[in-house]
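Trainee: To convert, count from 1 in the sequence shown and add 9; that's our numbering.
Glycine included, each C-beta is placed from N, C-alpha and C at the ideal position.
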Amino acid sequence: MMKLAVALAISSLILVPPAHSLSPQSSASDLGGAKHEFDSGDYASAIQLLRALVSQNSGSAEAHYWLGRSYYETRDFNNAVAELEKAAQAGPNSSVYHQWLGRAYGEKADRDKSFLTARKVKKEFEQAVKLDPSNISARRDLEDYLLEAPWIVGGSKEEGLDQVQAIEKLDTVEGHLARADYDLHVGKKDDAASEYNAVLDPKPQKIEVYFELADYYGKQEDGSQVDRMALEAEKVDSKDPRLAYYHGEARVLMGSDLAVAEQDLKSYLATTPERSDWPSHSAARYWLGRLYEQQGKKMDAAEQYRASLQLDPGRKDAKKRLEQLEKSIH
Numbered sequence: 010m011m012k013l014a015v016a017l018a019i020s021s022l023i024l025v026p027p028a029h030s031l032s033p034q035s036s037a038s039d040l041g042g043a044k045h046e047f048d049s050g051d052y053a054s055a056i057q058l059l060r061a062l063v064s065q066n067s068g069s070a071e072a073h074y075w076l077g078r079s080y081y082e083t084r085d086f087n088n089a090v091a092e093l094e095k096a097a098q099a100g101p102n103s104s105v106y107h108q109w110l111g112r113a114y115g116e117k118a119d120r121d122k123s124f125l126t127a128r129k130v131k132k133e134f135e136q137a138v139k140l141d142p143s144n145i146s147a148r149r150d151l152e153d154y155l156l157e158a159p160w161i162v163g164g165s166k167e168e169g170l171d172q173v174q175a176i177e178k179l180d181t182v183e184g185h186l187a188r189a190d191y192d193l194h195v196g197k198k199d200d201a202a203s204e205y206n207a208v209l210d211p212k213p214q215k216i217e218v219y220f221e222l223a224d225y226y227g228k229q230e231d232g233s234q235v236d237r238m239a240l241e242a243e244k245v246d247s248k249d250p251r252l253a254y255y256h257g258e259a260r261v262l263m264g265s266d267l268a269v270a271e272q273d274l275k276s277y278l279a280t281t282p283e284r285s286d287w288p289s290h291s292a293a294r295y296w297l298g299r300l301y302e303q304q305g306k307k308m309d310a311a312e313q314y315r316a317s318l319q320l321d322p323g324r325k326d327a328k329k330r331l332e333q334l335e336k337s338i339h
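In structure tokens, the structure reads:
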């Protein structure tokens, strides 16, 4: 589930937009092929196919949407914004198009440190919620923005709480998650912990719920709980590729079965594409660095931290550990 620094936090549950008819000039099979490339993580090929599609039919909202999504995954946020704006213009009644345009604006605002762009984030998330009040993912995006953003660009704890209460009426489990997020932002850590515990009572069958909990416990450096969430997630779908990451992280935090943890993390890196809604490869490299540190392999650990920072230069935990390692090595 992914967070932005300039006041933007992004929940990253992928939604599939409603289908839009393509003109005769555009081929549905080509669009299907582009989606296949997207799902496999070959964003360059998806972009190539989708650029050809939109050149043939500039009015295809769905083609612009997937082209914007592909640019988003490659962190080309200027082009992501441009294409998602076209998608929202061509399909103005799609909640999903406006939601992803808001996310793209958020990433661009974070990178450019632009208050002007940041103001557009709230507007798009609000439009997404207006178009589909049952779009909980959009409500979570709006909640996080309201809680993270400074007031000058529309941040408001009170409005954030309104979203929490709306989500609680729509879905009990999602309501607990939204309330926990709110409690963390207002400094009620004990209340947040209680909300996260309550998530497990109904035994949710949505695997992303367990991964969100695992992310929370990972930030608390609670390896046993991360492992517990991974095991619960495994009951929902034992073949989900993300399980390798969470099992590896848990074992590193617990300091146990490090050889297995290494295999898990390397497997995750080797078999999964970079996806904005999955644990990043930068994070996997970071945990490999932590693992090698425990084994006393300082040079290997430093190499992983550098790789982590190359993928995500803003990763403060990897930067701090690398600096400490370099001092001890020299």
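Specify the secondary structure class of residue 233 as computed by DSSP and reduced to three states.
Mentor: Helix at residue 233.
Trainee: What residue ranges within the segment 286 to 328 form continuous alpha helix (DSSP H) runs of no fewer than 4 residues, ordered along the chain?
Mentor: Fully enclosed alpha helix (DSSP H) runs of 4 or longer: 290 to 303, 307 to 320.
Trainee: CA-CA distance, residue 227 and residue 91?
Mentor: Those two C-alpha atoms are separated by around 35 Å.
Trainee: Please report the residue range of the alpha helix (DSSP H) in which residue 161 lies.
Mentor: Taken as a continuous stretch (DSSP letters only), residue 161 belongs to no alpha helix (DSSP H), as it is neither H nor E.
Trainee: Let me confirm a value: residue 257 is counted as buried when at least 16 other C-beta atoms fall within 10 Å, else exposed. Which label applies?
Mentor: Residue 257 should be labelled buried.
Trainee: Measure the C-alpha to C-alpha separation of residue 319 and residue 212 and round it to an integer number of angstroms.
Mentor: So the two alpha carbons sit approximately 39 Å from each other.
Trainee: Beta-carbon separation of residue 149 and residue 192 under 9 Å?
Mentor: Result no, Cβ atoms of residue 149 and residue 192 do not sit closer than 9 Å.
Trainee: Spatial neighbours of residue 200 within its chain, please: C-beta separation below 7 Å, excluding the five flanking residues on both sides.
Mentor: Cβ within range, chain order: 192.
Trainee: Hey, how far is the Cα of residue 302 from the Cα of residue 142?
Mentor: Between residue 302 and residue 142, the C-alpha separation is close to 47 Å.
Trainee: Considering only residues of the same chain and omitting the five flanking positions on each side of residue 309, which have a CB-CB separation below 6 Å?
Mentor: Contacts found: 301.
Trainee: Measure the beta-carbon distance from residue 254 to residue 288 and round it to whole angstroms, keeping in mind my assumption that it falls under 8 Å.
Mentor: The pair is a contact, with the Cβ atoms about 5 Å apart (cut-off 8 Å).
Trainee: Measure the C-alpha to C-alpha separation of residue 78 and residue 337 and round it to an integer number of angstroms.
Mentor: Roughly 43 Å separates the two Cα atoms.
Trainee: Since residue 208 and residue 187 should fall inside the 8 Å C-beta cutoff, what is the C-beta to C-beta distance between them, to a whole number of angstroms?
Mentor: Actually they do not touch by this definition, with Cβ atoms about 11 Å apart.
Trainee: Along the chain, where does the alpha helix (DSSP H) containing residue 265 start, and where does it finish?
Mentor: No alpha helix (DSSP H) holds residue 265; DSSP gives it neither H nor E.
Trainee: Taking the alpha carbon of residue 72 as the reference point, which residue from 53, 41, 137 has its own alpha carbon closest?
Mentor: Comparing Cα positions, the closest option is 41.
Trainee: What does a CB cutoff of less than 7 Å around residue 104 pick up in its chain, not counting 5 residues either side in sequence?
Mentor: Contacts found: 137, 140, 141, 144, 147.
Trainee: Measuring CB to CB, does residue 107 end up less than 9 Å from residue 124?
Mentor: In this structure, residue 124 does not lie closer than 9 Å to residue 107 by Cβ.
Trainee: Note down the Cα distance separating residue 275 from residue 112, rounded to an integer number of angstroms.
Mentor: For residue 275 and residue 112, the distance between alpha carbons rounds to 29 Å.
Trainee: For residue 283, which three-state DSSP category applies?
Mentor: Reduced to three states, the DSSP call for residue 283 is coil.
Trainee: Note down the Cα distance separating residue 292 from residue 317, rounded to an integer number of angstroms.
Mentor: When rounded, the distance between both Cα atoms is 7 Å.
Trainee: Any idea what DSSP makes of residue 84, helix, strand or coil?
Mentor: Residue 84 falls in the coil class under three-state DSSP.
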